[in-house]
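Residue numbers (our numbering), protein chains in the order written: chain B, 44 to 334; chain P, 9 to 135.
Printed below as a string of structure tokens:
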């Protein structure tokens, strides 16, 4: 899941174009991460050391890890941890970008370093984020308050659910709350109890149709009952799963039926607004915490 | 697959869920009735006797728990399975206490529906 967020960072910082990002996100499914890229992302090797080992490999029939050990660039322990990460598929996006020659090793190394610094991640935290610590990734990327556990949990589950039910290439960003109407269509669902929340999905007709089609797994062209039911059911499913998680932590909440509006959602000062980015489309998620 | 053709009443306010459940159930050889909320479900069982009811919980007008209570009062032998995204401790306990036959957590899983129907058919044959 780091891929979607790192990809967005690369896009925002001019490392690549949207087309290149989508191409790389597609290609990462088939990419095989090489140890050099991983070692660099972990901060074990510099880009020039990786290049040097690659050069050696063209002359000697030896594996990357063997040469790195022989040169004293990596310890056995570091190599073992890299091999374990490789099996888990860390940093497939970075490898896909290298393979497609969109970035070179130096540029990838620089981007990783800048990403880590910009999000104030320690080496351990950066490693955890790349290894799948999703709540830490979101907390840092969306600038969430550490103390606001409910919001952290809600968003962490939502970000997982959009990947699970909507698109493997979807990611969240935070938006400024302008206290205006968001979107042309909205689905609102109340969660009551303590805490109490208003949750909403809002967007243009086109983005809501895309969301409806992706969730229903069939193409829906008009904002008919099926389209509305699909978006409403996605919000209901996510909120239901959130209630299950809260219940497992000992907090019982109640879910009210969803309300579908052919109008945007008007935010107030207590709302937090997030954008859900899909390939070439986006919709908004709005959360109002009522204590 | 042996066994009689089961009739199943699907109660869910979502057209998408009703459509998905209908697809799975018909593939399993069931006949399907539909209702969009608890009170409509109640009206349906007054005129027909489905072998099984699959019922959502969060619905407008009358929610699934309330509908389950009413159905169990009037026709205690009716097998009602709650199919909901809110499988929380409190909803689960409440549903089981009132007499729900089972509880399936959404998202809908064709395998789980298949297992449920198999168990039901075994039960119908008499163990």
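Even for Gly, the Cβ is constructed at its ideal location relative to N, Cα and C.
Legend entry - Residue range of the unbroken alpha helix (DSSP H) whose run includes residue 166 (chain B): 166-173
Legend entry - residue 333 (chain B) to residue 166 (chain B) span [Cα, whole Å]: 36 Å
Legend entry - Residues of the stretch 251-279 of chain B with Cβ closer than 7 Å to any Cβ of chain P, in chain order: 259, 268, 269, 272, 273, 275, 276, 279
Inset, instruction - On the DSSP bridge assignment, give the partners of residue 287 (chain B) in chain order. - result: In DSSP, residue 287 (chain B) forms no bridge with anything.
Legend entry - residue 254 (chain B) versus residue 321 (chain B): straight-line alpha-carbon distance, rounded: 9 Å
Inset, instruction - Going by CA-CA distance only, name the one from P:91, P:96, P:43, P:60 that's closest to residue 127 (chain P). - result: P:60
Legend entry - Helix, strand or coil at residue 88 (chain P) [DSSP, three-state]: strand
Inset, instruction - Kindly indicate the opening and closing residues of the beta strand (DSSP E) around residue 88 (chain B). - result: No beta strand (DSSP E) contains residue 88 (chain B), which DSSP labels as neither H nor E.
Legend entry - Sufficient close CB pairs (3 or more, under 8 Å) joining the stretch 213-227 of chain B to the stretch 312-330 of chain B: yes
Legend entry - Interface residues of chain P facing residue 283 (chain B) [CB-CB closer than 7 Å]: 92, 93, 94, 114
Inset, instruction - Over the uninterrupted alpha helix (DSSP H) stretch that includes residue 105 (chain P), give me the two end residues. - result: 97-106
Legend entry - residue 17 (chain P) (DSSP reduced to helix, strand or coil): strand
Inset, instruction - Using a Cβ cut-off of 9 Å, pull out every chain B residue sitting near residue 76 (chain P), in sequence order please. - result: Chain B residues near residue 76 (chain P): none, gap ~16 Å exceeds 9 Å.
Legend entry - Span separating the alpha-carbon of residue 46 (chain B) from that of residue 66 (chain B): 13 Å
Inset, instruction - Using a Cβ cut-off of 9 Å (strictly closer), state whether residue 326 (chain B) contacts chain P. - result: no
Inset, instruction - Compare the beta carbon distance of residue 235 (chain B) and residue 306 (chain B) with 9 Å and say whether it is the shorter of the two. - result: no
Legend entry - DSSP state of residue 75 (chain P) mapped onto helix, strand, coil: helix
Inset, instruction - For residue 83 (chain P), I'd like the list of residues in its chain whose CB is within less than 7 Å of its CB, leaving aside the five on either flank, ordered along the chain. - result: 53
Legend entry - residue 23 (chain P): contacting residues in chain B (beta-carbon distance under 7 Å): 268, 269, 272
Inset, instruction - Please say whether residue 82 (chain B) and residue 125 (chain B) have beta carbons closer to each other than 9 Å? - result: yes
Inset, instruction - Say whether the stretch 280-290 of chain B touches the stretch 92-101 of chain P, bearing in mind that this needs 3 or more beta-carbon pairs closer than 8 Å, one atom from each stretch. - result: yes
Inset, instruction - Assuming residue 331 (chain B) contacts residue 240 (chain B) (C-beta within less than 8 Å), just tell me the rounded distance between them. - result: 7 Å
Inset, instruction - Apply the 10 Å Cβ neighbour rule to residue 9 (chain P) and answer buried if 16 or more other Cβ atoms are within range, or exposed otherwise. - result: Unreliable placement is indicated for residue 9 (chain P), whose pLDDT of 46 sits below 50; the coordinate value is still reported in the next sentence. The residue is exposed, with fewer than 16 neighbouring Cβ atoms inside 10 Å.
Inset, instruction - Would you mind telling me which residues of chain B sit closer than 8 Å to residue 98 (chain P), beta carbon to beta carbon, in chain order? - result: 290, 295
Inset, instruction - Indicate whether at least one CB of chain B lies closer than 9 Å to the CB of residue 27 (chain P). - result: yes
Legend entry - Where residue 146 (chain B) falls, given that 16 or more other Cβ within 10 Å makes a residue buried: buried
Legend entry - Which listed residue (B:311, B:70, B:272) has its alpha carbon closest to that of residue 221 (chain B): B:311
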